[in-house]
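These notes are about the structure you will find just below.
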Amino acid sequence: MPRCFRPRQPVASVPQVTAKGFLAAFAAEIGSPAPTSAEFDALLEVASTAAHTSERLAAPLACWMGGVSGMPATEVLAAAQRVAARAEAG
């Protein structure tokens, strides 16, 4: 069977981690606080807005841009929603 059609084998050595578990570990690794529940929800909505307004790859980069801006997550979400509204109108 060609390589690209072989069924994927489960990787037993990779533990299953929740998103919040990964983010907590990642936050500790980079010396940053993990997002609060409100920030988590707002950033997921930023990602959704970016991905549905343009291309999927905009989602993680919009979140990164929001993070480096220093703005609160709710303000980043409001900015993403303004951009989306202009894109839909235009």
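Using our numbering, the first residue of the sequence shown is number 1, and each one after it goes up by one. Think of the CB as a built atom: it goes at the ideal place given N, C-alpha and C, for glycine as much as any other residue.
Which of helix, strand or coil DSSP assigns to residue i
i   : result
A50 : helix
P35 : coil
A89 : helix
G82 : Note on residue identity: the sequence assigns Arg, not Gly, to residue 82. DSSP places R82 in helix when its eight states are reduced to three.
V76 : helix
E45 : helix
E29 : helix
Segment limits, alpha helix (DSSP H) that includes residue i
i   : result
G98 : With the chain covering only 1 through 90, there is no way to say anything about residue 98.
Pair within 7 Å by beta-carbon distance, residue i and residue j
i   : j   : result
C63 : V83 : no
A42 : A73 : yes
A34 : A24 : yes
Test: residue i CB closer than 7 Å to a CB of chain C
i   : result
A73 : Considering every chain present, this structure includes no chain C. It has just one protein chain.
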